[in-house]
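Asks:
Protein chains in written order, with this note's numbering: chain A, 1 to 351; chain B, 1001 to 1351.
(1) Where does residue 1001 of chain B sit, in a helix, a strand or coil, going by DSSP?
(2) May I ask you to report which of helix, strand or coil DSSP gives residue 1162 of chain B?
(3) Listed from N- to C-terminal order along the chain, which residues in the segment 275-301 of chain A have their beta-carbon within a distance smaller than 7 Å of any beta-carbon of chain B?
(4) Kindly indicate the opening and closing residues of the beta strand (DSSP E) around residue 1038 of chain B.
(5) Can you give the beta carbon distance from residue 123 of chain A to residue 326 of chain A, rounded, assuming they're within the 8 Å contact cut?
(6) Establish whether the CB of residue 1001 of chain B and some CB of chain A are separated by less than 8 Å.
(7) Could you check whether the Cβ of residue 309 of chain A sits closer than 8 Å to any Cβ belonging to chain B?
(8) Using only CA atoms, which one of A/111, A/50, A/83 and A/141 lies nearest to residue 126 of chain A?
(9) If you measure beta-carbon to beta-carbon, which residues of the segment 168-186 of chain A are closer than 9 Å to chain B?
(10) Kindly give me the distance between the Cβ atoms of residue 1085 of chain B and residue 1062 of chain B, rounded to whole angstroms, as I take these residues to be in contact under 8 Å.
(11) Hey, does residue 1132 of chain B have any beta-carbon neighbour from chain A nearer than 8 Å?
(12) Once DSSP output is grouped into helix, strand and coil, what is the label at residue 59 of chain A?
(13) For residue 152 of chain A, name the three-state secondary structure that DSSP assigns.
(14) State yes or no: is the C-beta of residue 1266 of chain B within less than 8 Å of the C-beta of residue 69 of chain A?
(15) Counting only the same chain and skipping the five closest in sequence on each side, list residues whose C-beta sits under 6 Å from that of residue 1208 of chain B.
(16) Taking the straight line between their C-alpha atoms, what separation do you get for residue 1074 of chain B and residue 1014 of chain B?
(17) So, helix, strand or coil for residue 1204 of chain B, using DSSP?
(18) Who are the neighbours of residue 103 of chain A on chain B, taking C-beta pairs under 9 Å?
(19) Any beta carbon of chain A sitting closer than 8 Å to that of residue 1203 of chain B?
(20) Could you give the first and the last residue of the continuous beta strand (DSSP E) run that contains residue 1322 of chain B?
(21) Going by DSSP in three states, residue 216 of chain A sits in which element: helix, strand or coil?
(22) Can you say whether residue 136 of chain A is buried or exposed, counting buried as having 16 or more other CB atoms within 10 angstroms of its CB?
(23) Check whether the Cβ atoms of residue 1199 of chain B and residue 1151 of chain B sit closer than 8 Å, and answer yes or no.
(24) Assuming residue 1302 of chain B is part of the alpha helix (DSSP H), what are its boundary residues?
(25) With 8 Å as the threshold, decide whether the Cβ of residue 1191 of chain B is near any Cβ in chain A.
(26) Can you tell me which of B/1216, B/1166 and B/1153 puts its alpha carbon nearest to the alpha carbon of residue 1120 of chain B?
(27) Please list, in chain order, the residues of the segment 1242-1273 of chain B that have any C-beta partner in chain A closer than 8 Å.
(28) For the segment 67-89 of chain A, which residues have a CB atom closer than 8 Å to at least one CB atom of chain B, in sequence order?
(29) Residues of chain A with CB closer than 8 Å to the CB of residue 1340 of chain B, please, in chain order.
(30) Looking only at C-alpha atoms, which of B/1091, B/1193 and B/1333 sits nearest to residue 1157 of chain B?
(31) Against chain B, with Cβ distances strictly below 8 Å, would residue 124 of chain A count as a contact?
(32) Which runs of the alpha helix (DSSP H) spanning at least 4 residues fall entirely within the segment 220-253 of chain A, listed in chain order?
(33) Looking only at its chain, what residues have a beta carbon closer than 7 Å to the beta carbon of residue 1300 of chain B, apart from the 5 residues adjacent to it on each side?
(34) According to the neighbour-count rule (16 or more other Cβ atoms, all chains shown, within 10 Å of its Cβ), is residue 186 of chain A buried or exposed?
(35) Does the segment 1278-1296 of chain B touch the segment 1309-1326 of chain B, meaning 3 or more C-beta pairs lie closer than 8 Å?
(36) Just verifying my parser: in three-state terms, what is the DSSP assignment at residue 86 of chain A?
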């Protein structure tokens, strides 16, 4: 009786719906500050059925969650998409994981079906938002950070004062494509020597194959013979077992990350830089070289080491830390997004 | 009669006082939105007399301007110092142009003498602020930009929504020390291959001397014999006269700037990047290579070229432009600074 009474007359706690659109999976979750993710729907991303079908699947799941809970208490809908996308309209550019989607206005497509505003954001930015509000940012008590996600590629997101920094049209935070080695390996973005070519899981495997081709990495060659489909995780194990060739790969990952971080620290001077994604699990294998390079390359980093000088003045501290949240960060960020923008921005579905 | 009456009873228009502290010159100016800089005092920076003497000179000049005009209408005092400095306290770190000043809290030192709050800021950030509010930013109708000032070193300042972006403690915008060529020339900052080593006036001269030492730049060798103290301006003239060796120097300046800009565009996605300082006068000598490199290195730049796609959608536009204001930008930025911070921030002398 009380339950039915409460459901009818009490205002439910405000909640949001977040969507994580990936090339393989589609996740839709309902979230509140007190309960976290309290309901969710997992679907395959039906790429072969076409983009309109995927958008309809997404909207159907959002509608299900609204019907199961409350329309009145819905504080907003956040949708994460792989980048690059143009904001606020959520116009997709050429996405390797979503072939044929270029030019789709994701926000308009969803709003036309649902009849309610949604906010679209780059998924790497949403991972950074979650890490800031619920992960390492919260743990360290800071509300600004820059995150690098070392996955298939290298994602990047910047959070300033608890909000995603989008730049002019949503393309800020693409430091995964900052040039690290000007004459380095060709990148899918059209440039050479991008951070992504030296710090992603794909890059770790390629660097190992290059070492094997050079013929001076017996441990890597043995791994390759045993398992031609070896991944960065296998290399991780091999390096931990003491293999010099595998460790050399992670040394280069570390140096490249140090160079990339140094430019970010010199430009942004934020209190926290977070490294997430699968390759971040090799933190103890690459971080020594990363910090060595970062200290060498960035006087801003050296000047913000939290030390106390002769006059008793304690300097500010720049933290560089592994991520805390893991694979959940994307969907969590989508859920958090509506809480971080103003009501008027939510109403028009973008900033 | 009317003049005396007006002076006594009418509220004068609000104005600010700006200070530009340089290693050689000290400028103090009074500024209002309607009149621009309407009074100013120039002094030599008496480095040999010690930092306390310089601070006293500065405060004396500020006081003179207040006495000549109005204390009631004074909206704030902005002080620009060479960086790196820690904000908001204006604590100086190791400044090559102000030897022996390390550790000085510039804001406190000035406030203790004047008894009124002042706001301290990095001079490269102030040049960017002026360029945003009164220069190219105003001309293009944007309120965010990133500026590189190619002088003795390479200064950098970032303006977001009409305000200086300071980062955590005033050290944002040090992209002059982003690594461009990882194995490049040693830099005063302790790193190698910084942008400053390839795009400052000092770098232009060094690159020419390196070409002379290699023995394959007859035009540069002749210039060096004629004038051993040649500067980047002399090289500028030589390149314009068609000398291949001098043009090669500016080609490398352009490529280096393109690499530096690409990382900034990929990270910040701002509407405008401005190149100022003396070397920017060689714009037509280096900009072709700069844009070539920038297009190659930054898909964010390529995606924001203002073009119209097949569906009639016009993309956002990233502008890269020479500065408009010239050497006045530092003092103008110091004058503008108090207008860009909140009253409470002004009252406590920092953000």
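By construction, the Cβ of each residue, glycine as well, lies at the ideal position given by its N, Cα and C atoms.
Replies: Short version:
(1) With a pLDDT of 46 at residue 1001 of chain B, under the threshold of 50, the predicted position of this residue should be treated as unreliable, though the coordinate-derived value follows. The answer is coil: DSSP assigns residue 1001 of chain B none of H, G, I, E or B.
(2) coil
(3) 296, 297, 299 and 300
(4) 1036-1044
(5) Not really, about 14 Å apart at Cβ, beyond 8 Å.
(6) Because the pLDDT at residue 1001 of chain B is just 46, under 50, the model does not fix this residue reliably, and the value given afterwards should be weighed accordingly. So no, residue 1001 of chain B is outside the interface.
(7) yes
(8) A/83
(9) 168, 169, 170, 171, 172, 173, 174, 175, 176, 177, 178, 179, 180, 181 and 182
(10) Incorrect: roughly 19 Å between the Cβ atoms, too far for contact.
(11) no
(12) helix
(13) coil
(14) no
(15) 1220, 1235 and 1249
(16) 6 Å
(17) helix
(18) 1309, 1310, 1311 and 1313
(19) no
(20) 1319-1322
(21) coil
(22) buried
(23) no
(24) 1299-1303
(25) yes
(26) B/1166
(27) 1259, 1262, 1263, 1264, 1266, 1267, 1268, 1269, 1270 and 1271
(28) 84 and 86
(29) Within chain A, no residue comes near residue 1340 of chain B; the closest Cβ sits about 17 Å away, beyond 8 Å.
(30) B/1333
(31) no
(32) 232-240
(33) 1265, 1266 and 1269
(34) exposed
(35) yes
(36) strand
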